[in-house]
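Have a look at the structure below before the remarks.
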Amino acid sequence: MTKNNVAGERGKQEVFITRLFDAPRELVWQAWTDPKHFMLWWGPKDYTCPFCEMDLRVGGKYLNCMRSPKGKDYWGTGVFREIIPMERLVFTDSFADEKGNVVPATYYGMSSDFPLEMLVTVTFEDQGSKTKMTLRHTGLPAGPDSEGTHQGWSESFDKLAESLQ
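Using numbering that gives the first Met the number 0, the first residue of the sequence shown is number 0, and each one after it goes up by one.
Below, the structure is given as structure tokens:
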């Protein structure tokens with residue numbers, strides 16, 4: 000579900016997704032914070048993640064790469080703003096080049112409406128032997144860009160569910 004970000008900039012959206020994973024919270028947390036596990040699920044359906052580095056500390060950076068089925072690489076980077084182990088991850092999200100330099104979305108042929116930096120918040124809660132994970136990605140452009148981001152996250156989370164089995 001995509002909904003308006005009332006507190007955000009006019010015309011900006013947020014993607015809000017809640018998923019229940021049939022896995023303990025520690026494993027879902029690890030899937031987000033261990034680069035080797037992250038590489039198993041990051042990216043939409045049929046995309047791969049050939050590269051991921053994380054400096055998992057407040058102020059630490061990450062750099063990852065999504066590779067399309069046609070072999071086109073899309074790099075992303077950001078900075079961890081808040082880390083509460085097994086409970087909450089907050090980080091910035093920006094398009095990047097392969098060296099980790101922030102670039103506009105137009106670098107990849109996408110809309111100039113994307114800001115240079117967005118914010119992602121992920122929370123993790125026990126639900127018996129399962130884990131409720133909630134993602135909020137704020138600062139997205141309205142319309143097709145927001146819808147495409149929602150689809151990409153949803154497909155990534157389908158892959159995440161498979162990686163947890």
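Note that CB positions come from ideal geometry on N, CA and C, so glycine has one too.
As the structure is a computational prediction, the values presented were derived from the model and not from experiment.
Item to check | Same chain, Cβ closer than 6 Å to Gly99, neighbours up to 5 away in sequence not counted | outcome: As a first step, residue 99 must be located in the sequence shown, where it is residue number 100. Leu62, Thr76.
Next on the checklist: Within the continuous beta strand (DSSP E) that includes Trp41, where are the two ends?
Outcome noted: Indexing the sequence shown from 1 puts residue 41 at position 42. From DSSP, Trp41 is part of no beta strand (DSSP E); its letter is neither H nor E.
Checklist entry - Can the beta-carbon of Gly138 be found less than 9 Å from the beta-carbon of Glu13? => result By one-based count along the sequence shown, residue 138 stands at place 139. By one-based count along the sequence shown, residue 13 stands at place 14. For Gly138 and Glu13, yes; Cβs fall inside 9 Å.
Item to check | Coil, strand or helix - Ala95 by DSSP | outcome: Here the question's residue 95 lines up with position 96 in the sequence shown. When secondary structure is reduced to three states using DSSP, Ala95 falls in the strand class.
Checklist entry - Nearest to His136 by CA position, among Asp33, Asp92, Cys64, Asp157, is which residue? => result On the sequence shown, position 137 is the one that residue 136 refers to. When each option's Cα is compared against that of His136, the closest is Asp92.
Item to check | Inter-stretch contact at 8 Å, needing at least 3 Cβ pairs: the stretch 37–53 / the stretch 13–26 | outcome: As far as the Cβ criterion goes, the stretch 37–53 does not touch the stretch 13–26, which means the pair count is below three.
Checklist entry - With distances taken between CB atoms, is the gap from Phe90 to Val119 smaller than 9 Å? => result If you number the sequence shown from 1, residue 90 lands on position 91. If you number the sequence shown from 1, residue 119 lands on position 120. Cβ distance < 9 Å, so Phe90 and Val119 count as in contact.
Checklist entry - Who are the Cβ neighbours of Pro84 in its own chain at under 8 Å, not counting the five residues just before and after it? => result Along the sequence shown, one-based indexing puts residue 84 at 85. Excluding sequence neighbours, Pro84 sits near Trp28.
Checklist entry - When DSSP labels each residue in this structure, what does Gly77 get in the three-state scheme? => result For the purposes of this step, residue 77 is taken as the residue at position 78 of the sequence shown. Residue state, collapsed to three classes: strand.
Checklist entry - How would you label Asn3, buried or exposed, when you count the other beta carbons within 10 angstroms and need 16 or more for buried? => result In the sequence shown, counting from the first residue as 1, residue 3 sits at position 4. Since pLDDT at Asn3 reaches only 34, below the 50 mark, its modelled position is unreliable, and no value is offered.
Checklist entry - Buried or exposed: which applies to Arg56, given that a residue is buried once 16 or more other Cβ atoms fall within 10 Å of its Cβ? => result As a working note, residue 56 is residue 57 in the sequence shown. Around the Cβ of Arg56, a 10 Å sphere holds fewer than 16 other Cβ atoms; the residue is exposed.
Next on the checklist: Let's test the definition: count the other Cβ atoms within 10 Å of the Cβ of Ser128 and tell me whether it reaches 16, buried, or not, exposed.
Outcome noted: Taking the sequence shown and counting its residues from 1, the one referred to as residue 128 is at position 129. The residue is exposed, with fewer than 16 neighbouring Cβ atoms inside 10 Å.
Checklist entry - What is the residue span of the alpha helix (DSSP H) that Phe156 lies within? => result The sequence position of residue 156 within the sequence shown is 157, counting from 1. Boundaries of the alpha helix (DSSP H) around Phe156: 143–162.
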